[in-house]
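Here the structure is laid out as C-alpha cells; the discussion comes afterwards.
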Amino acid sequence: MTVLNKVESETAAPETATAARHSPLEHRAAELERRSTSGARGVRLHEEPFLSQINLRTPPGGVESSAVSDSLGLPLPTVNRVSGDEHHAVLWLGPDESLIVAPDGRAEHLLRTVRDAQRGGSGSAVDVSANRTTLRLSGPAAREVLEKLCSLDLHPRSFGPGDCAQTLLGRVIVVLWQLDREPGYRIMVRCSFADYLVDLLLDAMAEFLDG
Amino acid sequence: MLLVRCPWCGDRDEAEFRYGGQADVDYPADPHQLDDAAWGEYLFVRANPLGSFNERWVHTAGCRRWFSLVRDTATNEMSPDIPRRRESR
Ligand SMILES: [Zn+2]
C-alpha cells in the first residue's frame, strides 16, 4: 500500500488530564492479583495501563523510513518482529505500518520526534495510546494459557522473544508480543474488549491455580 | 478450517480473514458508456468455475492488507503462486 498523504504540520497536543483518567481494567486489579500463581506451573496476569503508542505509517525502504529510524535510534522492524526492548520498541504491523511503544507520558515527545523526521516526505504518525490497553501474561505456564485461545504456533521453534503478531485470542483482535523466554508476553487489546479478554484468560488460567 | 497464506504474515487460520470475491474485476474505463445491462454485468456477474479461481482476501484480524490468491474451488487447495498484479492496492 502506498502512503500518499503529506505529513501535516504539527499541531499543539492538548494537555492530558492524567489525574482524571481510568484504565479499562483497573477495577479488576485485585482479582488479577488473586488469580495469579507462582511456582513451576505458575502464571501471572496484570494490566500495564497507559503505555504510549504511536501508529507509524512510512513508505518501506524510503528515505522517510531511515530518517524515522534514525530519530528513534532503532531500526524499523522486519516482518512479525519487534525492534528495541519493552521500554522503547517498534512493532511490525504491516508492510508500511509500525507501532511505537514506550512508557506512559512519552507520546507527545515521540510524536514530535517522528513528525520532524517525516517532514517533507510521505507518511503519518498518530497518537493511538488510548486505543489499546496492555496485559502482561508471564510465568512458566503462560504459553499453555495462550495456546487455549490462539491458533498461532507459539512453540519456541516458531515464536520467541522479539516476535509479534496481530492475531485473534478467542474472538478478539490483539497485538501479541513475546518479551522474554520465561515466557512473558504483552497482549495489546482494544479497551472495550479488555474485560472480555480478561474473562477468557482467567478461565484459561484456572487449571493452574492449585499448583 | 482452512489455513490461508497471507503474503505478509504467513500461514494463518481462516477465521482471521474475510473473503473478497473474484479478483481482477476492472472498474469500467468509462462507466457512462455502459448501458444498464453492461453495468449490471460489471456489478453482479462473476465467474463460478470448478477448479482454479483468482480471488481476493483481506487479513482482517492481522495486517489488514488485501491480497489475491488462486484457490481450487473443488479442493480448496490454495496456490502459493499469488498473482502479484493487485497487491499494491
Ligand atoms: Zn497479514
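Here the protein sequences line up with chains A and B, keeping their order. For the first sequence, the UniProt record's numbering gives the first residue as 1, with consecutive numbering after it. For the second sequence, the UniProt record's numbering gives the first residue as 1, with consecutive numbering after it. For each residue, glycine too, the CB sits at the ideal point set by N, CA and C. What you are looking at is a predicted structure, and each value in this text was computed from that prediction instead of being measured.
Item, Value
"Check: Arg65(B) C-beta below 8 Å from any heavy atom of ligand 1", "yes"
"Residue-level contact to chain B via CB, Thr78(A), 9 Å cutoff", "no"
"Proximal chain B residues relative to Gly94(A), where beta-carbon distance stays under 8 Å", "Trp8, Cys63, Arg64, Arg65"
"Per-residue contacts from Ile187(A) into chain C (C-beta, under 8 Å)", "Reference to chain C is not applicable here, since the protein chains of this structure are A and B."
"The beta strand (DSSP E) enclosing Gln178(A), as first and last residue numbers", "172 to 180"
"Exposure of Arg21(A), with buried meaning 16 or more beta-carbon neighbours within 10 Å", "exposed"
"Short-range partners of chain B found in the segment 155 to 178 of chain A, where Cβ spacing is below 8 Å", "Ala165, Gln166, Thr167, Leu168, Ile173"
"Buried or exposed (CB count within 10 angstroms, at least 16 for buried), Met1(B)", "exposed"
"Closest residue to Phe193(A) among Ser71(A), Asn80(A), Pro24(A) (Cα-Cα distance)", "Pro24(A)"
"Phe17(B) in three-state terms, based on DSSP", "coil"
"Any C-beta of chain A under 9 Å from that of Ala15(B)", "yes"
"Chain B contacts made by the segment 140 to 156 of chain A, where a contact means CB separation under 7 Å", "Ser151"
"Helix, strand or coil at Asp127(A) according to DSSP, with G and I counted as helix", "strand"
"C-beta neighbour in chain B for Glu97(A), strict 9 Å", "yes"
"Any non-hydrogen atom of ligand 1 closer than 8 Å to Cys150(A) Cβ", "no"
"Spatially closest choice to Ala89(A) from Asp163(A), Arg157(A), Leu209(A), by CA coordinates", "Asp163(A)"
"Any chain A beta carbon closer than 9 Å to Arg56(B)", "no"
"For Thr75(B) and Tyr42(B), the rounded distance between their alpha carbons", "28 Å"
"DSSP-derived helix/strand/coil call for Tyr196(A)", "helix"
"Separation of Phe159(A) from His46(A), as counted between CA atoms", "22 Å"
"Same chain, Cβ closer than 6 Å to Gly73(A), five either side skipped, listed in chain order", "none"
"Closest residue to Arg181(A) among Ser71(A), Val172(A), Leu154(A), Leu197(A) (Cα-Cα distance)", "Leu154(A)"
"Buried versus exposed, by CB contacts within 10 Å (16 or more), Gln53(A)", "buried"
"For Val175(A) and residue 260(A), the rounded distance between their alpha carbons", "No answer is possible for residue 260(A): it lies beyond the span of chain A, which begins at 1 and ends at 211."
"Cβ neighbours of Cys191(A) in the same chain (closer than 8 Å, five flanking residues each side left out)", "Pro24, Ala130, Asn131, Arg132, Thr133"
"Status (buried if at least 16 other CB within 10 Å, exposed otherwise) for His59(B)", "buried"
"Whole-angstrom distance between Gln166(A) and Cys150(A), CA atom to CA atom", "11 Å"
"Enclosing beta strand (DSSP E) for Thr53(B) [first to last residue]", "In the sequence as displayed, the identity of residue 53(B) is Phe instead of Thr. First-last of the beta strand (DSSP E) with Phe53(B): 52 to 58."
"Near ligand 1: Cys9(B) beta-carbon under 8 Å from a heavy atom", "yes"
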